[in-house]
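Q: Right, I'll just put the structure down here and ask away after.
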Amino acid sequence: MRDTRICMRSFEIRTDEMGGSLEGIEIPRRMEVIREYRQGGGSVAAVFPIHYPRPLLRAFGFLPVEVWGPPRAGGNWGEAHVQPYVCSIVRNALSFLGSGGLDAVDLLLVPHACDSLQGLGSILLDFVSPRQPTLTLYLPRGGRESDVAFLADELRAIYRRLEVIAGRSPSEKELMACIRRDEEADRLLSELHRQRLRLPLNDASFYRLARSREYLPAEKFCHIAQEALALADGDGRPGAPIILSGIVPEPMRLFEAIEQMGGFTAADDLACCGRRLYPAGSSQDPFRRMAQRIVHAPPDPTRGSPIGERVEHLLSLARATQARGVIFYEVKFCEPELFDLPLLRQALRQAGIPSLTLEVDIGDELSQAALTLLAAFFEMIG
Amino acid sequence: MSAAGWLWYQCNVNLLGRGALRARRLLAERRAKSGSDWQSQCLAPPLNISPWTKELIARHYLEGRYAHLRRKVAWVTSGAPIEFLKALDYYVLYPENHGALCGTMRVVEDLAAEAEGAGYSRDLCSYARTDIGAALSGKTPVGKLPRPDLLLACTNICQTVLFWYRVLARHFGAPLVLIDTPFVYTRVEPHSVQFVKRQIEEAIEIAEKVAGRSLRAARLEQVAYLSRQAAQLWLTIIERCQHRPAPISVFDQFIQMAPVVEMRGEAYTVDFYAAMLREVDERIARGVGVVKNERKRLLWDNLPIWYRLRYLAEYLGRHGIAIVASTYTHAWGELADLIDTQDPLEGMARTYIYPILNRGAGDKLAKMKSMIEKYHLDGVILHSDRSCKPYSMGQIDQRDRLLRECKIPALLLEADHNDPRAFAEGQVASRLDAFIEMLEG
């Protein structure tokens, strides 16, 4: 096995240490990508979870780099602004910002995914006042035509703000080109998810690859994804297939634990991954097209998807992958997730699919209690 | 409705029920006049109008119990635009108000345990757990809640209501209508108002279909007019607390706000608040203060702690402290002028996108600062409510700014609006004592 390095965030993880490899494919480090993009004359936008229009930012020369916490945010700056009952993604985001983690970016975008991210946007705008311009984006909570129309208007409003910030006005043609490139990246991301069991990757490696979409330019991601897809010649993986649901698989040691216990992730319903496999839009109006893509994405409670749609989605994932169980891996205090859990688990139980809930703080290591629960779960599903 | 149903409704609600409730009110009024029930040394007795409030609330739930004999039932969030439902003759139930009622009656632990037993996390909003617990178990201190024919969730108070109502929709198999109100970080955008208006129009279509009747414009205007009148009266009443000594406290306001929340658009609600205003003015004329020896005046931010209203009123009252203003009670009056009776749909869109909970944390700070001036306040208690993140997030910065920019003491008090298990009495008392020392200093 070659010593391939897969680099994420501002630290390195040796894939061979994680028990997997991504043969010959180098995924650049987040900081390297940012540096290189800036050297090429581009700017960088830090984007908080979950849904947002990547191509709109790219059309203005901003590379979107996502901030899911991060888990190892330094300092306790977040605690100086939000109460302990606010989720660790928001708390860590504030700490990361306060400790200079976002000094290298030129713009902040806070999509409205939940009450906590709403609060984050409001605190940034009204009290913290970062040196970078801060934009907010309201995401409608339905799948109606009026939701698409509103979101298109909201994206037009952001376009006008970006015109002032960037001092340029990308044409409709330029915007459409960015959208099409982004759609191609998402098509390949979906393909990676579909082919995941044929790839020579363990879970940790797969998610490092898939999550590089969080910071790589679409064209670079396409290149890497195509390289990875060319390696797809396996015929499945040994062990008990499971579906992972939740917001974000942090700490990523989770995957190591799942593998050690004889399981693997056959599909996911994660906010950072599977719920963002955006379909291509159909409208020739760029704003409507971007809106369609987000509104018609897979079910997600933060976009207001009905529980029934989520049940159907989970069951279809389970059928397609023959998953033996579902792990709900939740960030503590995440209301959008916690509300749906009892009914989702009940529906899975009725379909004969066992499930497990683990609640974590993304800043903590996996607790012994969580590992014990995981072990018991995998013993049960064999 | 069948003739038998009509008869059964009239008998239970209008003949027996109303009669019994009126008799109970008259007895309570007589007892209140004699003053024999009132023990507190530091607080004025409750308003004479209090038995009327109780009668209104009891009658509201009594009508709910038999509502299906006469009309359709809608469950709605507290900030939802209900005028069109009232105009379509729906019986409108507010699960949050029912939750608050359960809080004051101290039955939340039992109901929340039902929800928690079914898998709902204790980290979820305690109103939601109370309501889901009541729905799952059928338990309620009001006898019986009618099943909804329609659910209406408006996100202008939080996103929580959407998740909560999706659970209710699944449980009851009732259609859920969403009115999604984009959060106002800095200013209201025209496309946001249009989005809300479009959704109200869509909601009306669904509500008409469920009700089996069409909305009449004249009736909608009338309901909007009554809503506006009640909200204006409510604002006038709470603004009377600028007077020193304050005639009522926020603890009175928390109780007396029930009709303006759950009985908007009704003539009897307007009559009720007109009577309340007269009584408040009488108190002012007679120099009656809600705290007998009012020395300090405070602002309350966030929802009440429903199960400890009396405790807090007395604890502070003993020190001559009156909490005279609240961002929460103010919210039900401040938008009165936005209610447009001539163009009710546009008016509803503009009104319902703009409550305090749908505006930025900086806007709330500005509101607090203006209330501090207007009500001549000496300090602020910010209830850090673990069940209400949208109200609570930003409070740490708000407190710091109040201390720094207004130079007045501000206390962040950790609790939960409905779940008594999150209330540490010893800790609260220590924090209040330290705060009172700061106020005295």
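Line by line, the protein sequences give chains L and S.
In terms of the numbering used here, the first sequence opens at residue 12 and continues consecutively.
In terms of the numbering used here, the second sequence opens at residue 717 and continues consecutively.
Just so it is clear, CB atoms sit at the ideal spot from N, CA and C, and this is done for glycine as well.
Touch check for the stretch 227-244 of chain L and the stretch 311-328 of chain L: three-plus C-beta pairs under 8 Å?
A: no
Q: Below 7 Å on C-beta distance, what does Phe161(L) contact in chain S?
A: His907, Phe911
Q: Do you know whose CA, among Arg775(S), His784(S), Val808(S), Leu778(S), lies nearest Arg790(S)'s CA?
A: What sits at residue 790(S) in the sequence shown is Ala, not Arg. Nearest option by C-alpha distance: Val808(S).
Q: Which of helix, strand or coil does DSSP assign to Tyr777(S)?
A: helix
Q: Cα separation between Gln969(S) and Lys1090(S)?
A: 17 Å
Q: Apart from the five residues on each side of it in sequence, which residues of its chain come closer than 6 Å, Cβ to Cβ, to Asn728(S)?
A: Tyr782
Q: Spatial neighbours of Glu1030(S) within its chain, please: C-beta separation below 7 Å, excluding the five flanking residues on both sides.
A: For Glu1030(S), where only same-chain residues beyond five positions count, the Cβ hits under 7 Å are Ser756, Cys758, Leu759.
Q: Counting only beta-carbon separations shorter than 8 Å, does Met973(S) have a partner in chain L?
A: no
Q: Confirm, please, whether the CB-CB distance from Asp1017(S) to His1099(S) is below 8 Å.
A: yes
Q: What in chain L is Cβ-close to Met1109(S), meaning under 9 Å?
A: His92, Val93, Gln94, Val97, Val101, Asp126, Ser127, Gln129, Gly130, Leu131, Ser133, Ile134
Q: Does any CB atom of chain S fall closer than 8 Å to the CB of Leu352(L)?
A: yes
Q: Just the Cα atoms here: how many angstroms apart are Pro181(L) and Phe71(L)?
A: 7 Å
Q: 8 Å is my cut-off, CB to CB: does Gly721(S) come that close to chain L?
A: no
Q: Would a check of beta-carbon distances place Ala1077(S) closer than 8 Å to chain L?
A: Using a CB distance cut-off of 8 Å, Ala1077(S) counts as an interface residue toward chain L.
Q: Which residues in the same chain as Ile1124(S) place their Cβ atom closer than 8 Å to its Cβ, once the five residues preceding and following it in sequence are excluded?
A: Ile1088, Leu1093, Asp1094, Gly1095, Val1096, Leu1118
Q: Which residue from Asp214(L), Arg198(L), Ala241(L) puts its Cα closest to that of Arg224(L)?
A: Relative to Arg224(L), the option among Asp214(L), Arg198(L), Ala241(L) whose CA is nearest is Arg198(L).
Q: Whole angstroms are fine: how far does the CA of Leu210(L) sit from the CA of Ser32(L)?
A: In this prediction, Ser32(L) scores a pLDDT of 46, lower than 50, which makes its location untrustworthy; the coordinate-derived value is nonetheless stated afterwards. Rounded to the nearest angstrom, the gap between the Cα atoms of Ser32(L) and Leu210(L) is 10 Å.
Q: Alpha carbon to alpha carbon, what distance is there between Met301(L) and Ala329(L)?
A: Going from the Cα of Ala329(L) to the Cα of Met301(L) covers about 29 Å.
Q: At the 8 Å Cβ level, is Tyr63(L) part of the contact set with chain S, yes or no?
A: no
Q: Determine, using beta-carbon pairs with one atom in the stretch 1056-1064 of chain S and one in the stretch 1003-1013 of chain S, whether at least three such pairs fall under 8 Å.
A: no
Q: Using a Cβ-Cβ cut-off of 7 Å (strictly less than) and excluding sequence neighbours within five positions of Glu174(L), which residues of its own chain qualify?
A: Ser180
Q: What does Leu120(L) touch in chain S if you count any residue whose Cβ is under 8 Å from its own?
A: The contacting residues do not exist; Leu120(L) stays about 12 Å from chain S at best.
Q: I'd like to confirm the pairing. Which residues does DSSP put opposite Glu1(L) in its beta bridges?
A: No information on residue 1(L) is available, as it lies outside the stretch 12 to 393 that chain L covers here.
Q: Residues of chain L with CB under 7 Å from Lys1105(S), in chain order?
A: Val97, Asp126, Ser127, Gly130
Q: Do you know offhand how far Ala834(S)'s Cα is from Gly854(S)'s?
A: 14 Å
Q: Which residues in the same chain have their Cβ closer than 6 Å to the Cβ of Arg932(S), if we skip the five residues on either side of it in sequence?
A: none
Q: Are the stretch 90-104 of chain L and the stretch 1072-1081 of chain S in contact at 8 Å, needing three or more beta carbon pairs?
A: no
Q: Ignoring anything shorter than 4 residues or poking outside the stretch 263-303 of chain L, list the alpha helix (DSSP H) runs there in chain order.
A: 264-271
Q: If you measure between the beta carbons of Phe339(L) and Gly257(L), is that distance less than 8 Å?
A: yes
Q: If I follow the unbroken alpha helix (DSSP H) through Pro353(L), where does it start and stop?
A: 346-361
Q: How many Å lie between Cys1122(S) and Met1084(S) at the Cα?
A: 10 Å
Q: Provide the residue span of the alpha helix (DSSP H) that contains Trp722(S), from first to last.
A: 719-725
Q: Is there at least one Cβ from chain L nearer than 8 Å to Val1144(S)'s Cβ?
A: Not one chain L Cβ lies under 8 Å of Val1144(S).
Q: Under the rule that 16 or more other beta-carbon atoms within 10 Å means buried, what is Thr1067(S), buried or exposed?
A: buried
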